[in-house]
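Note that this note's numbering has the sequence shown beginning at 3, numbered continuously upward.
Each residue gets a CB set at the ideal place from its N, CA and C atoms; glycine is no exception.
Only a predicted model underlies this, so the values are computations on that prediction, with no experimental measurement involved.
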Amino acid sequence: MLKELYIHNFKSLRDTGKLEIKPITFLVGPNSSGKTSIFQAILTLRQTIQNRDMKSALILQDYIDLGSFKDIVWEHNLKNNITIKLADTKNKFEVEFAFQKSNESIFLKRFRNFGVHSDTIYFDNFDYEVVRNRNGSYFLNISNLKNHMGKKYEIDFFKFFKIKNIVLGDNELIKVEEEIIKTEKNKHTKKLKNKLYKNIDDIYLILFVENQEKKLIKLFDHIFHIGPLRREPQRIYTASGAVPLEVGKSGEWVVDELISNPETKERVNKWFKEFCIASDFKVQELRRGSKRYEIIIKEFNTGIWINIADVGFGASQILPIIVEGFITKDSTILVEQPEIHLHPKAQATMGDLLVDIAKNGQNSVIVETHSDLIISRVCTRIAQGKLNNDDVAVYYFNPTKDGTEVIDVTINKKGQFQNFPEGFFEERYEEALMSANMIF
Numbered sequence: 003m004l005k006e007l008y009i010h011n012f013k014s015l016r017d018t019g020k021l022e023i024k025p026i027t028f029l030v031g032p033n034s035s036g037k038t039s040i041f042q043a044i045l046t047l048r049q050t051i052q053n054r055d056m057k058s059a060l061i062l063q064d065y066i067d068l069g070s071f072k073d074i075v076w077e078h079n080l081k082n083n084i085t086i087k088l089a090d091t092k093n094k095f096e097v098e099f100a101f102q103k104s105n106e107s108i109f110l111k112r113f114r115n116f117g118v119h120s121d122t123i124y125f126d127n128f129d130y131e132v133v134r135n136r137n138g139s140y141f142l143n144i145s146n147l148k149n150h151m152g153k154k155y156e157i158d159f160f161k162f163f164k165i166k167n168i169v170l171g172d173n174e175l176i177k178v179e180e181e182i183i184k185t186e187k188n189k190h191t192k193k194l195k196n197k198l199y200k201n202i203d204d205i206y207l208i209l210f211v212e213n214q215e216k217k218l219i220k221l222f223d224h225i226f227h228i229g230p231l232r233r234e235p236q237r238i239y240t241a242s243g244a245v246p247l248e249v250g251k252s253g254e255w256v257v258d259e260l261i262s263n264p265e266t267k268e269r270v271n272k273w274f275k276e277f278c279i280a281s282d283f284k285v286q287e288l289r290r291g292s293k294r295y296e297i298i299i300k301e302f303n304t305g306i307w308i309n310i311a312d313v314g315f316g317a318s319q320i321l322p323i324i325v326e327g328f329i330t331k332d333s334t335i336l337v338e339q340p341e342i343h344l345h346p347k348a349q350a351t352m353g354d355l356l357v358d359i360a361k362n363g364q365n366s367v368i369v370e371t372h373s374d375l376i377i378s379r380v381c382t383r384i385a386q387g388k389l390n391n392d393d394v395a396v397y398y399f400n401p402t403k404d405g406t407e408v409i410d411v412t413i414n415k416k417g418q419f420q421n422f423p424e425g426f427f428e429e430r431y432e433e434a435l436m437s438a439n440m441i442f
């Protein structure tokens with residue numbers, strides 16, 4: 003699950019500062035202020051990690067299409083490098099990409115894993131990185147690791163430990179043969195340290211890229227995206243027969259997910275009732291073995307069963323968010339404009355759905371929205387004591403000539419905003435003020 007994010011020189015995001023990702027994180031601000039760029043940076047890195055090895059160029063045309071490096075780098079200046087830092091509960095990663103004019107290509111300039119910690123590690127919180135030198139080859143910099151080894155081993159190794167392994171990270175081990183230890187054990191500690199360091203250099207560089215790629219893939223395998231334009235309701239859905247990992251950015255695999263996860267039906271029923279859409283729903287195959295399905299719902303007021311295509315856009319816009327929120331665990335879900343096609347009451351109810359996903363779905367949601375009603379409902383639940391204010395983050399994106407300024411809008415335990423930036427949902431206040439002036 004994503005816990006921290008930092009972006010440098012990506013589109014208008016010259017420097018976001020460290021963004022803490024909470025169980026519910028809202029991205030708000032004017033159009034074209036950089037909110038969507040947060041998602042694009044994450045998804046660009048995801049499509050790169052999931053498709054290529056760590057040394058490959060940044061993939062810009064796949065799940066999302068961002069054009070060229072010049073299109074996404076700050077000020078379209080090819081001399082600028084793009085840096086993205088991410089952290090989950092166990093690892094912190096930093097990747098830096100640059101552009102090489104000689105062959106018109108993007109390359110990975112630096113990869114860094116820092117702040118590693120494990121209960122079984124003999125030395126912890128060390129930094130290590132892969133760096134690209136001038137001739138285009140990569141080398142592993144673990145000088146900080148070497149220093150930590152020296153300090154720890156010289157002080158207490160022989161008193162408390164017998165070397166059996168060197169820990170790369172959680173459950174990632176390089177076995178050190180006991181013969182090496184027996185040979186070196188009676189020598190000076192410094193020589194032991196250098197010998198171990200040499201073995202790490204020889205072995206670790208070979209395994210590093212594959213090892214770190216696995217960790218990043220694991221992180222990105224638990225990041226899912228729902229775009230702003232979900233598919234309109236279909237009268238008939240054709241199932242692929244596969245078991246997808248997500249509903250898809252437009253909800254294209256929602257029926258496949260409902261078929262493979264029938265227990266999700268209870269959550270859908272609960273939330274269709276909350277949204278006053280339906281009192282029950284079914285996914286049924288038209289003819290056994292046909293792989294053609296229809297979603298029918300029991301109309302909320304009349305009790306009549308009807309096809310989802312006959313109830314408007316709202317149901318089909320909400321359904322992918324409900325399903326994605328409860329088919330995964332310990333994941334981060336990126337949701338763009340969940341308020342689309344929802345009337346004001348339903349927008350407020352969407353806030354309750356996000357709370358349920360964060361608390362009972364055991365996921366975190368990052369929501370890009372223009373709806374103050376969604377955020378207001380979440381703040382109401384904080385005031386009622388149903389949600390901790392520390393579980394919600396609101397970031398306001400303020401466009402400036404020096405790049406987007408990302409402002410952390412704090413919420414107190416009463417669900418009140420502590421620092422209102424200029425332009426933060428002020429339209430509702432201004433409209434109310436003008437109406438009051440017209441009346442009085």
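C-beta contact flag for residue i and residue j at 8 Å
i, j, result
"F28", "V325", "no"
"E215", "I51", "yes"
"I323", "I310", "no"
"F399", "V411", "no"
"L88", "E6", "yes"
"A348", "G316", "yes"
"P401", "G36", "yes"
"L321", "V256", "yes"
"Y239", "I297", "yes"
"S14", "G405", "yes"
"L45", "H224", "no"
"I9", "I61", "no"
"D354", "E276", "yes"
"A241", "K284", "no"
"I26", "V249", "no"
"F101", "L110", "no"
Spatial distance of residue i from residue j (CA atoms)
i, j, result
"L375", "A350", "5 Å"
"A280", "Q49", "37 Å"
"N1", "V97", "One cannot answer for residue 1 here, as it falls past the ends of the chain, which runs 3 to 442."
"Q63", "G69", "7 Å"
"M352", "V30", "16 Å"
"P423", "K94", "30 Å"
"T38", "E338", "8 Å"
"K177", "R232", "Confidence in K177 is poor, its pLDDT being 40 and thus under 50, which makes the residue's placement too unreliable to answer from."
"N414", "Q420", "7 Å"
"G417", "R383", "8 Å"
"E254", "L4", "24 Å"
"P246", "D258", "7 Å"
"K220", "V357", "25 Å"
"E268", "L344", "22 Å"
"F302", "P235", "17 Å"
"N115", "N390", "31 Å"
"T266", "K81", "49 Å"
"V34", "F12", "Note that residue 34 is Ser in the sequence shown here, rather than Val. Approximately 14 Å between the Cα atoms of the pair."
"H372", "E341", "8 Å"
"I40", "D73", "15 Å"
"N79", "F71", "9 Å"
"F328", "F113", "33 Å"
"W273", "W76", "42 Å"
"K403", "D17", "13 Å"
"C278", "N362", "21 Å"
"L448", "K103", "As displayed, the chain neither begins before 3 nor continues past 442, which places residue 448 out of reach and without an answer."
"K217", "N53", "14 Å"
Residues bridged to residue i (per DSSP)
i, result
"D282", "K300"
"Y239", "Y295"
"H10", "D17, T85"
"A395", "T27"
"D410", "Y397"
"S366", "T334"
"N53", "N53 is not bridged to any residue."
"S104", "DSSP lists no partner for S104."
"E424", "E424 pairs with nothing; no bridge assigned."
"L110", "F99"
"K361", "None, per the DSSP bridge assignment."
"I228", "V337"
With contact counted as at least three CB pairs below 8 Å, one residue from each stretch, are the stretch 283-291 and the stretch 361-380 in contact?
no
Check whether the stretch 252-271 touches the stretch 331-338, counting contact only when three or more Cβ pairs, one atom from each stretch, lie closer than 8 Å.
no
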